[in-house]
Amino acid sequence: MLAELGNGDKFLFDIGTGCAERLAAQKIPYDFINKIFFGHLHVDHMGDLPAVWLGGTVMNRLEPLRIWGPSGGTPEYGTKAAMEHMEAMYKWDVGTRSGVIDFRGGELQVTEFAFDGINEVIYDENGVVIRSIPAVHGLDGAVSFILEWNGLTFVYGSDTIPNKWYVEYAAGADVAVHECFLPPTLLVEKQGFTPAEALQVGTQGHTSPEQFGKVMSLVKPRLAIGYHFYNDFDTEPDVRRRVRKTYDGPLSLASDYMVWNVTRDDIRVRNSAIDEEIWPSPAQKEKIAPDVGDIAFSPFIISGVLAFPEIVGPIYDEVNKKYGTDHEPLFKGDAPAE
60 MLAELGNGDK
70 FLFDIGTGCA
80 ERLAAQKIPY
90 DFINKIFFGH
100 LHVDHMGDLP
110 AVWLGGTVMN
120 RLEPLRIWGP
130 SGGTPEYGTK
140 AAMEHMEAMY
150 KWDVGTRSGV
160 IDFRGGELQV
170 TEFAFDGINE
180 VIYDENGVVI
190 RSIPAVHGLD
200 GAVSFILEWN
210 GLTFVYGSDT
220 IPNKWYVEYA
230 AGADVAVHEC
240 FLPPTLLVEK
250 QGFTPAEALQ
260 VGTQGHTSPE
270 QFGKVMSLVK
280 PRLAIGYHFY
290 NDFDTEPDVR
300 RRVRKTYDGP
310 LSLASDYMVW
320 NVTRDDIRVR
330 NSAIDEEIWP
340 SPAQKEKIAP
350 DVGDIAFSPF
360 IISGVLAFPE
370 IVGPIYDEVN
380 KKYGTDHEPL
390 FKGDAPAE
């Protein structure tokens, strides 16, 4: 979920698979997509991090990517360990980019905070305060977030079953986001779960629509937002009906590209205009050309290069003439035939 504030700040809360293309469709410069908060480390909440991290470097992000996430019950389950392993996994990828493009956006800055902190401040910059509270999901190491700015409060539950911390610290929020999972009957019918699996996943690992409604009846936000279910023509009516068993207040059931415009006086719900076939937005500051340096390939690989100087040379000439540069290709001659 993307939170955009009137001061220009933008915050991503979780970034599951599919988020990268949806962010691109919003035409937001990648320099502004540089603050990500993880509620927990399930793949559906962090699966597109590599795409935004490394893909962002070729999409003109020049700012370091800043990440906040909870500790785990033991160090190896925490955000810091996860990011270290991710950097190790993509070492080859990083090595291929860092001498070719302005790679300042490839820097990761990771802040791990205690998962059991209760209403602890984990971010305080530019008039924006973000706090964390424990969540109950999977294992120790899941959290929810509370963002405060300009007299407004936004609460993002990430994944959690109903718990006392959310009810206490989300109370009276302007916008309260909490998972509202598919009911167990639909988990059986649509996803092929057994009844035992559906009950466990749908009520003990996630929050059913009826449970979601009960939570919101206690929190009483200006707007309750339910998310984390397949919002479709044949699921939404049943989910909404079940929520209304336990909650009769303002309600929005989230879907991709839905926007909530929040002021002190009003909350408007609409769908954003998107363009899924776009070029990235320009960099927000001047790029620094990398020092290409020596060819990084081994002699064995270099021996196989077909440089085609009669083709590549004119391409370089065209670009140099158009932009007033004097670049030369790395590979200047074909490998000798064997």
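According to my numbering, the residues represented by the sequence shown are 60 to 397, in order.
A virtual CB, placed ideally from N, CA and C, is assigned to each residue, including glycine.
These numbers were taken from a predicted model, which means no experiment stands behind them.
Inter-residue Cα distance where the pair is residue i and residue j
i      : j      : result
Ala232 : Glu256 : 33 Å
Ile333 : Ser362 : 47 Å
His287 : Thr294 : 12 Å
Val318 : Pro368 : 52 Å
Pro388 : Gly77  : 36 Å
Ile205 : Asp68  : 15 Å
Pro358 : Thr155 : 17 Å
Lys381 : Ser340 : 22 Å
Ile374 : Thr138 : 45 Å
Arg303 : Glu269 : 8 Å
Val234 : Met60  : 13 Å
Thr170 : Asp90  : 19 Å
Leu289 : Glu238 : Checking the sequence, you will find Tyr at residue 289 rather than Leu. Roughly 12 Å between the two C-alpha positions.
Asp252 : Leu121 : It should be pointed out that residue 252 corresponds to Phe in this sequence rather than to Asp. Computed Cα separation, rounded: 45 Å.
Glu397 : Ile92  : In this prediction, Glu397 has a pLDDT of 49, which is less than 50 and means its spatial position is unreliable; what the coordinates show is noted afterwards. Whole-angstrom Cα-Cα distance: 50 Å.
Gly75  : Val278 : 27 Å
His265 : Pro88  : 34 Å
Ala140 : Val111 : 19 Å
Val378 : Gly210 : 52 Å
Leu310 : His144 : 40 Å
Glu207 : Val187 : 6 Å
Lys346 : Gly164 : 11 Å
Arg190 : Asp73  : 15 Å
Glu248 : Val274 : 26 Å
Phe213 : Leu113 : 29 Å
Arg327 : Arg81  : 21 Å
Selected residue, minimal CA-CA separation from residue i, among the options
i      : options                           : result
Arg329 : Ala313, Leu82 and Pro268          : Ala313
Asp297 : Tyr306, Thr244 and Gln343         : Thr244
Ala401 : Thr116, Pro109 and Leu246         : A query on residue 401 cannot be resolved here, the shown segment of the chain reaching from 60 to 397 and no further.
Gly200 : Val187, Gly176 and Phe213         : Gly176
Ile220 : Trp208, Phe240 and Leu211         : Phe240
Gly308 : Glu122, Ala366, Arg301 and Ala283 : Ala283
Gln85  : Leu100, His99 and Ala62           : Ala62
Asp315 : Gly285, Ile337, Met118 and Arg300 : Gly285
Trp224 : Pro193, Val236 and Leu246         : Pro193
Ala79  : Asp291, Met118 and Phe162         : Met118
Tyr136 : Asp161, Phe96 and Phe174          : Phe174
Trp281 : Leu258, Tyr306 and Gly261         : Reading off the sequence, residue 281 comes out as Arg, not Trp. Out of Leu258, Tyr306 and Gly261, Tyr306 has the C-alpha closest to the C-alpha of Arg281.
Phe97  : Asp107, Trp127, Phe70 and Leu113  : Trp127
Glu179 : Gln168, Ile160, Ser203 and Gly158 : Ser203
Glu146 : Gln263, Asn185, His104 and Leu124 : Leu124
Ile160 : Leu167, Ile95, Leu365 and Ala348  : Ala348
Coarse secondary structure for residue i, derived from DSSP in three states
i      : result
Met317 : strand
Arg156 : helix
Gly106 : coil
Ile361 : helix
Thr322 : coil
Thr116 : helix
Leu100 : coil
Leu198 : coil
Tyr89  : helix
Thr212 : strand
Tyr182 : strand
His386 : coil
Asn66  : coil
Lys381 : helix
Glu369 : helix
Ile74  : coil
Gly391 : Checking the displayed sequence, the identity of residue 391 turns out to be Lys instead of Gly. Three-state DSSP puts Lys391 in coil, outside helix and strand.
Gln343 : coil
Glu122 : coil
Trp151 : helix
Ala348 : coil
Pro221 : coil
Ala235 : strand
Neighbour-count burial assignment, residue i, 16 or more Cβ in a 10 Å radius
i      : result
Ala355 : exposed
Asn66  : exposed
Asp218 : buried
Gly131 : buried
Thr133 : exposed
Ile337 : exposed
Val102 : exposed
Ser267 : buried
Ala83  : buried
Val195 : buried
Phe292 : exposed
Any chain D beta carbon closer than 8 Å to residue i
i     : result
Leu61 : Absent here is chain D; the protein component of the structure consists of one chain.
Residue i CB to nearest heavy atom of the ligand NAP below 7 Å
i      : result
Asn290 : Judged by which ligands are present, the structure shown has none, so any question about the ligand NAP falls away.
Q: Within the stretch 252 to 309, note down every full alpha helix (DSSP H) run reaching 4 residues or more, in order along the chain.
A: List check, alpha helix (DSSP H) in window: 254 to 258, 268 to 278 and 295 to 302.
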